[in-house]
Amino acid sequence: MTQEERLLELETLIKTDGKITLPQICERFSISADSARRDLVKLAELPDIMRIRGGAIFNRLSRHTMAYTEKPASSRKQTLAQKAATLIRPGEHVLIDSGTTLTTMMPYLPEPLTIVTNAPDILQACQPSSEKEIFLLGGQFNAYHRAMLGTLAEAQLAQFNVDKAFIGVCALSESGLMTTLEQEATMKRAMMSRASQVILVSESHKFGQRNLFTVCELDQIDIIVTDPDLSETDKDYLLRHDIELIITNE
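So for the sequence shown, this note's numbering puts the first residue at 177; every next one is plus one.
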């Protein structure tokens with residue numbers, strides 16, 4: 177079982193039982209205490225789960241239980257989102273992946289516009305408008321990634337042809353774009369295959385990192401929008417692969 181699968185099961189257990197302890201995680205999944213602690217760190221990133229000494233609890237009264245898209249993005253994510261939105265021209269057809277930064281783009285998009293997405297949060301964040309046509313892919317909802325994934329979503333995606341695909345980043349190195357979940361890697365590849373231009377939008381701390389599953393090699397990426405903390409090492413290999421870098425001012 178992968179960490180992603182454990183996290184989904186653990187989230188369900190905590191919300192059902194109200195609590196889980198470190199020894200319970202170790203016993204249930206036959207993993208070490210160190211692995212269980214890493215799972216607890218990940219779980220604590222969820223809005224209604226709180227890490228406590230020796231475990232985690234379901235925090236029903238959490239001030240973070242607001243809708244995902246209502247959480248304020250950092251100023252850096254806001255800046256990235258605004259810059260990425262300027263790459264879209266009125267009348268275009270775009271694919272938008274799941275992720276906080278990409279969701280933050282929604283108020284800045286031009287009109288008219290056709291949007292295809294696998295993220296319910298993108299739909300929720302869109303301002304009501306007769307000038308925006310939105311297609312939400314169906315399929316299996318992955319609660320941890322907040323995205324529709326799997327063969328049903330991929331089959332629907334095959335019907336679309338778009339001008340630009342905006343793809344979120346889990347990890348990126350000179351070896352390519354990577355993610356922790358096989359289904360997410362497959363969906364990102366499918367999105368990229370339907371677009372004339374592929375654009376990544378990400379904070380620079382995700383560069384120089386590796387994950388288990390490869391999405392694509394660098395030569396399949398056209399543009400990257402990132403922040404000024406991009407290292408010279410990362411910048412060099414991205415430019416060697418003829419990727420256009422758009423670096424924000426903050």
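All C-beta atoms in this analysis are idealised placements derived from N, C-alpha and C, irrespective of residue type, glycine included.
Two segments are said to touch when three or more pairs of C-beta atoms, one from each, lie closer than 8 Å; by this definition the segment 302-311 does not touch the segment 371-380. As a beta-bridge residue in DSSP terms, I343 pairs with L376.
Under the DSSP assignment, I298 falls in the alpha helix (DSSP H) whose first and last residues are 296-301.
Of all C-beta pairs linking the segment 334-353 to the segment 271-284, three or more are shorter than 8 Å, placing the two stretches in contact. Shown here, T424 sits in coil according to DSSP, grouped into three states, outside any helix or strand. Residue state for H269 is assigned as strand, using DSSP reduced to three classes.
DSSP, read as helix, strand or coil, puts S306 in coil. R227 and R322 have their C-alpha atoms some 21 Å from each other. Here Q316 is bridged, per DSSP, to L325.
Taking all protein chains in view, the Cβ of G230 is surrounded by fewer than 16 other Cβ atoms within 10 Å, so the residue is classified as exposed. If you compare the alpha carbons of E187, I225, R252, D215 with that of T424, the shortest gap goes to R252. Residue range 198-205 is occupied by the alpha helix (DSSP H) that includes F205.
Counted as a single uninterrupted DSSP element, the stretch harbouring L394 is not any alpha helix (DSSP H), since DSSP gives it neither H nor E. Spatial neighbours of I196 in its own chain (CB-CB distance under 7 Å, excluding positions within 5 residues in sequence) are listed in chain order as L186, L189, I190, G231, A232. Under DSSP, the beta-bridge partners assigned to G231 are T197, I228.
G352 is bridged by DSSP to S349.
Within the same chain, I423 come within 6 Å of P404 by CB-CB distance, once the 5 residues on both sides are set aside. Where T277 is concerned, there is no enclosing beta strand (DSSP E), although the alpha helix (DSSP H) around it starts and stops at 276-280. The beta carbon of L406 is closer than 7 Å to those of S380, F383, I423 in its chain, skipping five residues each way along the sequence. Among the bridge pairs identified by DSSP, I291 is matched with V270, I310. Under DSSP, no beta-bridge partner is assigned to T188. Straight across, the Cα-Cα distance linking T409 with C392 is about 20 Å.
Counting every other CB atom within 10 Å of its CB across the protein chains shown gives A257 a total of 16 or more, marking it as buried. Here T402 carries a strand assignment [DSSP, helix/strand/coil]. Residue E360 holds the alpha-carbon nearest to the alpha-carbon of M324 among A301, R416, F336, E360. The criterion of a C-beta distance shorter than 8 Å is satisfied by T280 and Q254.
Each of L348, M367, I399 was checked against the Cα of H269, and the nearest Cα belongs to M367.
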